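Participant: Plus 273 on top of the position in the sequence shown (first one is 1) and you've got my numbering.
Note that the Cβ used here is the ideal one computed from N, Cα and C, for glycine as well.
Computed from a prediction, not measured in an experiment: that's the story for all the values here.
The structure follows.
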Amino acid sequence: MTPFEWILAACIAVMAVSLLSGLVLVLRTDDVLTRAVLSDLVFYAMICIFLTWTLTNPTSIGYEVALLAAIAGGVLPTLSMARIISKGRR
Numbered sequence: 274m275t276p277f278e279w280i281l282a283a284c285i286a287v288m289a290v291s292l293l294s295g296l297v298l299v300l301r302t303d304d305v306l307t308r309a310v311l312s313d314l315v316f317y318a319m320i321c322i323f324l325t326w327t328l329t330n331p332t333s334i335g336y337e338v339a340l341l342a343a344i345a346g347g348v349l350p351t352l353s354m355a356r357i358i359s360k361g362r363r
C-alpha cells in the first residue's frame, strides 16, 4: 500500500466510527429532530466513505453515483427536516 492509500484507509476508519456512533445515537434517542439530523449524518457519511473508496478503486459509475446522492441528499433531507420541524403543517 502506498502512503496515500494508508491515509485514505485512516480517513475511512474515522468516517466509519462517526457513522456507527450516529447509528447508535439514533437507536438510543427519543427526540424526532435528533433522529432526523442523525439520519442526515449517516447518509452523508456513507457518501463520503464511498467517494473516498472510489479514489483508489476505479469504477465506471463511481462519481455519477456520488453526484446523484449529493443532489438527492441536498434537497430531500432539507424538505423532510422542514416537515418534521413544522410537525407536518404546510
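Okay, do the region 287-296 and the region 327-342 touch, 3+ Cβ pairs below 8 Å being the bar?
Facilitator: No: fewer than three Cβ pairs fall under 8 Å.
Participant: Would the beta-carbon of Ile322 fall within 8 Å of that of Ile280?
Facilitator: Working through the sequence shown from its first residue, we reach residue 322 at position 49. Working through the sequence shown from its first residue, we reach residue 280 at position 7. In this structure, Ile280 does not lie closer than 8 Å to Ile322 by Cβ.
Participant: Between the C-alpha atoms of Val338 and Ile320, what's the straight-line distance to the nearest angstrom?
Facilitator: Looking up residue 338 in the sequence shown gives position 65. Looking up residue 320 in the sequence shown gives position 47. So the alpha carbons of these two residues sit roughly 9 Å apart.
Participant: According to DSSP, simplified to helix, strand and coil, what is Met274?
Facilitator: By 1-based counting over the sequence shown, the position of residue 274 is 1. If DSSP states are grouped into helix, strand and coil, Met274 belongs with coil.
Participant: Assuming Asp313 contacts Pro350 under a Cβ cut-off of 8 Å, what Cβ separation, rounded to an integer in Å, is found between them?
Facilitator: Residue 313 sits at position 40 when you count from the first residue of the sequence shown. Residue 350 sits at position 77 when you count from the first residue of the sequence shown. So it is a contact: roughly 5 Å between Cβ atoms.
Participant: Could you round the C-beta distance between Ala309 and Ile357 to whole angstroms and report it? I think they count as a contact, below 8 Å.
Facilitator: What you label residue 309 is simply residue 36 of the sequence shown in a count that begins at 1. What you label residue 357 is simply residue 84 of the sequence shown in a count that begins at 1. Between Ile357 and Ala309 the Cβ distance is about 5 Å, and since that is below 8 Å, they are a contact.
Participant: At what residues does the alpha helix (DSSP H) containing Pro350 begin and finish?
Facilitator: Sequence index remark: in the sequence shown, residue 350 carries index 77 (1-based). First-last of the alpha helix (DSSP H) with Pro350: 335-358.
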